[in-house]
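Here UniProt numbering is used: the first residue of the sequence shown is 1, the next is one more, and so on. Here's the structure we're looking at; comments come further down.
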Amino acid sequence: MPHNNHYNQQLKPLAKALRKVSTKAEVRLWSEVLSKGKTGYTFLRQRPIGKYIADFMCKELRLVIEVDGYSHNFKTAEDAKRDEEVSALGFTTLRFSDEEVMKNLPNVQREIDAFIEGLQK
Numbered sequence: 001m002p003h004n005n006h007y008n009q010q011l012k013p014l015a016k017a018l019r020k021v022s023t024k025a026e027v028r029l030w031s032e033v034l035s036k037g038k039t040g041y042t043f044l045r046q047r048p049i050g051k052y053i054a055d056f057m058c059k060e061l062r063l064v065i066e067v068d069g070y071s072h073n074f075k076t077a078e079d080a081k082r083d084e085e086v087s088a089l090g091f092t093t094l095r096f097s098d099e100e101v102m103k104n105l106p107n108v109q110r111e112i113d114a115f116i117e118g119l120q121k
């Protein structure tokens, strides 16, 4: 199986543009938890996967992390379909709300760490 079959080259320009307009919650999660290998793994921001762009993705862990803003309160069916399609590519999706990241970052970090530890067992 080619190791990059999930990467959609056509989404690259959009992903690059999205990196420039990240939400405060995305920036905080990135800078305080996911950047520079703080988890022991490399995460990429705004990474194309299938027909979507993941907020954060770690190829090695096969993990996608989404930070959902207020608009996602009305997109549960869309998010479920997206998670299903990403799962079919072999990735797990962890979702956090903007509010969780901004108001309870230690708990978000615990959930991410617990996921990683679960894979290592």
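We treat Cβ as the ideally placed atom computed from N, Cα and C, and that holds for glycine. Treat the numbers as computed from the prediction; the structure is a model and nothing was measured.
Taking just the CA atoms, how far does F96 sit from V108? Locating residue 108 in the sequence shown gives position 108, where the first residue counts as 1. Locating residue 96 in the sequence shown gives position 96, where the first residue counts as 1. Cα-Cα distance, rounded: 7 Å.
For I112 and V33, believed in contact at Cβ under 8 Å, the rounded distance: For the purposes of this step, residue 33 is taken as residue 33 along the sequence shown, with counting starting at 1. For the purposes of this step, residue 112 is taken as residue 112 along the sequence shown, with counting starting at 1. Right, their Cβ atoms sit about 7 Å apart.
Put D55 into one of helix, strand or coil per three-state DSSP. In the sequence shown, residue 55 corresponds to position 55, counting from 1. Here D55 sits in strand by DSSP.
Can you say whether P13 is buried or exposed, counting buried as having 16 or more other CB atoms within 10 angstroms of its CB? Mapped onto the sequence shown, residue 13 falls at position 13. P13 is exposed by the Cβ-count criterion.
Sort H6, G69 and S31 by Cα distance to K59 and report the nearest one. In the sequence shown, residue 59 corresponds to position 59, counting from 1. Per the Cα distances, H6.
First through last residue of the beta strand (DSSP E) which encompasses E100: Here residue 100 refers to the residue found at position 100 when the sequence shown is read from its first residue. Premise fails: E100 lies in the alpha helix (DSSP H), D98 to K103, not in any beta strand (DSSP E).
Euclidean distance between Cα positions of T92 and E84: Translated into positions along the sequence shown, residue 92 becomes position 92. Translated into positions along the sequence shown, residue 84 becomes position 84. The straight-line gap from Cα to Cα measures roughly 9 Å.
CA nearest to the CA of K16, picked from K24, G40, L44 and P106: Here the question's residue 16 lines up with position 16 in the sequence shown. It is L44.
Helix, strand or coil: how does DSSP classify R47 here? Translated into positions along the sequence shown, residue 47 becomes position 47. Strand, per DSSP.
Report buried or exposed for A88, applying the criterion of at least 16 other Cβ atoms within 10 angstroms of its Cβ. Within the sequence shown, the letter at position 88 stands for residue 88. Flag for A88 reads exposed.
Go through its chain and collect everything with a Cβ distance to R62's Cβ below 8 Å, but skip five positions before and after it. On the sequence shown, position 62 is the one that residue 62 refers to. So the list reads G90, F91 and T92, once near-sequence residues are dropped.
Whole angstroms is fine: what's the gap from K51's alpha carbon to L94's? Start at 1 with the first residue of the sequence shown, and residue 51 comes out as number 51. Start at 1 with the first residue of the sequence shown, and residue 94 comes out as number 94. Spanning the two alpha carbons is a distance of roughly 18 Å.
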